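Heads up: the structure comes next, in structure tokens.
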Amino acid sequence: MILVGNGVAGDGIPGTTVQFSGILGLGAVPNRHFDFYPFLGFASTTTDLTKLVGTYNSLLYHLSPTANYETIATNSVETFDASSNCTSSGSSGCLSTGGTLTLNSNGYFDSSTPPQIMSGDSPAPLRTGNFGKTHMILGQVNGATVPLVLRTGLVNLTSLQINDESGIAMLASATSTRTRPEVALFVRTVF
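Read in order, the letters of the sequence shown are residues -13 to 177 in the numbering used here.
Written out as structure tokens, the structure reads:
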């Protein structure tokens, strides 16, 4: 089943079983079956970074297979300028993209300094550094820019580069809303 509407398609594709014994136990990934992988596709995208300018609410979900599939979900408020530099008033800084984005030949943007939001607590992820990338797609929905960010990890056992944290972040424009007093009163009464 694929859900389509307003220039967006989404649902899940069949999953798979993931398992890796590692090399001499290094980088081992426990056996786990994923029933499906969610996907989101845009009918229209842009490579115009000026459309990214603004402040966004970001919802992030990351996992680390070598940490027994430890997961974390968090949110942040992030502001992007016309050069894709990100600032945040939060103490952790920008959590979605990392460094400045560069356009690749596939029509989306990459950053080679992906943020790590996994705590590193027990079970501790096996990391040898901050490797991997973030990839941003600038979807266009009803005239609004909807950034979607994927973080891909990197495991290269030959050079002992391990950082398998991966995840997704959806950003939505941070706009203030006005509530009519009688609606707010009704909500308070219901709860």
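Even glycine gets a Cβ: it sits at the ideal position worked out from N, Cα and C.
What you are looking at is a predicted structure, and each value in this text was computed from that prediction instead of being measured.
When you compare only the Cα positions, how much space is there between V135 and L10? 34 angstroms
A158 versus I148, L146, A130, residue with shortest Cα-Cα distance: Nearest of I148, L146, A130 to A158, Cα basis: A130.
Extent of the continuous beta strand (DSSP E) run through Y42: 40 to 50
Measuring CA to CA, which of Y42, N116, Q126 is closest to V33? The amino acid at residue 33 is misidentified as Val; the sequence shows Thr. It is Q126 whose Cα lies nearest to the Cα of T33.
Using beta-carbon positions only, say whether S82 and S44 come within less than 8 angstroms of one another. yes
CB contact flag (G153, Y47, <8 angstroms): yes
Is it buried or exposed for V4, if we count other Cβ within 10 angstroms and need 16 for buried? Answer is exposed; the Cβ neighbour count stays below 16.
Where does T60 sit, in a helix, a strand or coil, going by DSSP? Correct three-state label for T60: strand.
What is the C-beta distance between Y42 and L49, in whole angstroms, given that I count them as a contact (C-beta under 8 angstroms)? Actually they do not touch by this definition, with Cβ atoms about 22 angstroms apart.
Report the rounded CA-to-CA distance for S108 versus T57, giving the unit in angstroms. With a pLDDT of 46 at S108, under the threshold of 50, the predicted position of this residue should be treated as unreliable, though the coordinate-derived value follows. The alpha-carbon atoms of S108 and T57 are separated by roughly 12 angstroms.
Do S74 and T88 come within 8 angstroms of each other at the CB atom, strictly closer than that value? no
Which stretch, first to last residue, makes up the beta strand (DSSP E) that contains A178? Look at the range of the chain in this structure, -13 to 177, and you will see that residue 178 is not part of it.
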